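Residue numbers (the working numbering), protein chains in the order written: chain Y, 14 to 129; chain W, 597 to 710.
The C-beta atom is built at its ideal place from N, Cα and C for all residues, glycine as well.
Only a predicted model underlies this, so the values are computations on that prediction, with no experimental measurement involved.
Quick notes on the structure that follows.
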Amino acid sequence: QQQVKQSPQSLIVQKGGISIINCAYENTAFDYFPWYQQFPGKGPALLIAIRPDVSEKKEGRFTISFNKSAKQFSLHIMDSQPGDSATYFCAASRRGGDTGRRALTFGSGTRLQVQP
Amino acid sequence: DTGVSQDPRHKITKRGQNVTFRCDPISEHNRLYWYRQTLGQGPEFLTYFQNEAQLEKSRLLSDRFSAERPKGSFSTLEIQRTEQGDSAMYLCASSPSRGDNEQFFGPGTRLTVL
Chain Y
14 QQQVKQSPQS LIVQKGGISI INCAYENTAF DYFPWYQQFP GKGPALLIAI RPDVSEKKEG
74 RFTISFNKSA KQFSLHIMDS QPGDSATYFC AASRRGGDTG RRALTFGSGT RLQVQP
Chain W
597 DTGVSQDPRH KITKRGQNVT FRCDPISEHN RLYWYRQTLG QGPEFLTYFQ NEAQLEKSRL
657 LSDRFSAERP KGSFSTLEIQ RTEQGDSAMY LCASSPSRGD NEQFFGPGTR LTVL
């Protein structure tokens, strides 16, 4: 069961353009939605995260838009740069009862290529 | 460097051999997670520690896999009798117990089973 669906699988954007990656989730118990950036051979790095009590969060060139009723959230990268070329993963988590566990459920990833 | 570290970075082994990976989390983080990532996919949760206690294991974690976190510091993940299907990147992440519980990932250990 794929609990977090991510699209597109790959994306090519010109330098200076806007990159948009979308995710949809099924489990309404999810209450934390981070985005991670991963370069080849490296571990994922946290970019930005949002909770469902807000509809938008912006940090620098990165913005998360969140639609709780549609169970969708998206990452917008403004003024995309060649250095942004990487794989981006959306994820979701919920509190795991008394254990405090917050294992992340990841989407399948979007490979972004920003052309100079 | 105060981030999460993992050792080794790469491991090549023959089918049937045992392998062990190590993760050193960020020092003040009491929560530690192991994930597995196969090529072209997102990471999948394997197991979770709070301090030294292993509180949850995914159904992906077969009985050939065992993880420990003695004294609540570093953690090890052992795979016994490796199979070709175990080839993947094994990622460790740590998080504090407060705040939004952001998880910080290590660079991973790339396992290749021949």
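- [ ] Use the C-beta contact count for Gly612 (chain W): other C-beta atoms within 10 angstroms, 16 or more gives buried, fewer gives exposed.
- [x] One-based indexing of the second sequence puts residue 612 (chain W) at position 16. By the 10 Å Cβ count, Gly612 (chain W) comes out exposed.
TODO: Look at the Cβ atom of Tyr12 (chain Y), then the Cβ atom of Val17 (chain Y), and state whether they are nearer than 8 Å.
DONE: The structure shown does not extend to residue 12 (chain Y), since chain Y is modelled only from 14 to 129, so the question has no answer here.
Task: Interface flag, Ser121 (chain Y) vs chain W, CB-CB below 8 Å - done: Walking along the first sequence from the start, residue 121 (chain Y) turns up at place 108. So yes, Ser121 (chain Y) belongs to the interface.
- [ ] Tell me whether the beta-carbon of Ile90 (chain Y) lies closer than 8 Å to the beta-carbon of Ile77 (chain Y).
- [x] Here residue 90 (chain Y) refers to the residue found at position 77 of the first sequence. Here residue 77 (chain Y) refers to the residue found at position 64 of the first sequence. Contact: no.
TODO: Give a yes or no on whether the minimum CB-CB distance between Lys55 (chain Y) and chain W is below 8 Å.
DONE: Sequence index remark: in the first sequence, residue 55 (chain Y) carries index 42 (1-based). By this cut-off, Lys55 (chain Y) is an interface position.
- [ ] Report yes if the CB atom of His625 (chain W) is closer than 8 Å to the CB atom of Ser691 (chain W), and no otherwise.
- [x] Here residue 625 (chain W) is taken as the residue at index 29 of the second sequence, counted from 1. Here residue 691 (chain W) is taken as the residue at index 95 of the second sequence, counted from 1. One thing to note: His625 (chain W) has its Cβ within 8 Å of the Cβ of Ser691 (chain W).
Open item on the list: DSSP three-state label for Asp682 (chain W), please.
Closed with: Taking the second sequence and counting its residues from 1, the one referred to as residue 682 (chain W) is at position 86. It is helical.
Open item on the list: As a quick exercise: from W:Leu657, W:Ile608 and W:Thr672, pick the residue whose alpha carbon is nearest that of Cys688 (chain W).
Closed with: Against the second sequence, residue 688 (chain W) aligns to sequence position 92. Looking at the Cα atoms, W:Thr672 is the closest of the given residues.
Task: Backbone secondary structure at Lys18 (chain Y) - three-state DSSP - done: Walking along the first sequence from the start, residue 18 (chain Y) turns up at place 5. DSSP places Lys18 (chain Y) within a strand segment (E or B) once states are collapsed to three.
Task: Euclidean distance between Cα positions of Leu125 (chain Y) and Lys70 (chain Y) - done: In the first sequence, counting from the first residue as 1, residue 125 (chain Y) sits at position 112. In the first sequence, counting from the first residue as 1, residue 70 (chain Y) sits at position 57. Roughly 21 Å separates the two Cα atoms.
Open item on the list: By the 8 Å beta-carbon criterion, what residues does the region 635-649 of chain W contribute toward chain Y?
Closed with: Gly636, Gln637, Gly638, Pro639, Glu640, Phe641, Tyr644 and Gln646
TODO: Determine the DSSP secondary structure at Asp659 (chain W), reduced to helix, strand or coil.
DONE: For this step, residue 659 (chain W) is matched to residue 63 along the second sequence. If DSSP states are grouped into helix, strand and coil, Asp659 (chain W) belongs with coil.
TODO: Give the secondary structure of Thr666 (chain W) by DSSP, where H, G and I count as helix, E and B as strand, and everything else as coil.
DONE: Along the second sequence, read from residue 1 onward, the residue named residue 666 (chain W) stands at position 70. It is Pro, not Thr, that sits at residue 666 (chain W) in the sequence shown. Of the three classes helix, strand and coil, the one that applies to Pro666 (chain W) here is helix, per DSSP.
- [ ] Report yes if the CB atom of Gly702 (chain W) is closer than 8 Å to the CB atom of Gly56 (chain Y), and no otherwise.
- [x] In the second sequence, counting from the first residue as 1, residue 702 (chain W) sits at position 106. In the first sequence, counting from the first residue as 1, residue 56 (chain Y) sits at position 43. Going by C-beta atoms, Gly702 (chain W) is nearer than 8 Å to Gly56 (chain Y).
TODO: Return yes when the Cβ of Thr634 (chain W) is within less than 8 Å of the Cβ of Glu674 (chain W), no when it is not.
DONE: Here residue 674 (chain W) refers to the residue found at position 78 of the second sequence. Here residue 634 (chain W) refers to the residue found at position 38 of the second sequence. No, Cβ-Cβ distance for Glu674 (chain W) and Thr634 (chain W) is not below 8 Å.
Task: Nearest-angstrom Cα separation, counted from Pro129 (chain Y) out to Leu657 (chain W) - done: For this step, residue 657 (chain W) is matched to residue 61 along the second sequence. For this step, residue 129 (chain Y) is matched to residue 116 along the first sequence. Looking at the two C-alpha atoms, the distance is approximately 43 Å.
Open item on the list: Give me, in chain order, the residues of the same chain whose beta-carbon lies closer than 8 Å to that of Gln650 (chain W); leave out the 5 immediate sequence neighbours on both sides.
Closed with: If you number the second sequence from 1, residue 650 (chain W) lands on position 54. Here the set comprises Thr643, Tyr644, Ala663, Glu664 and Arg665.
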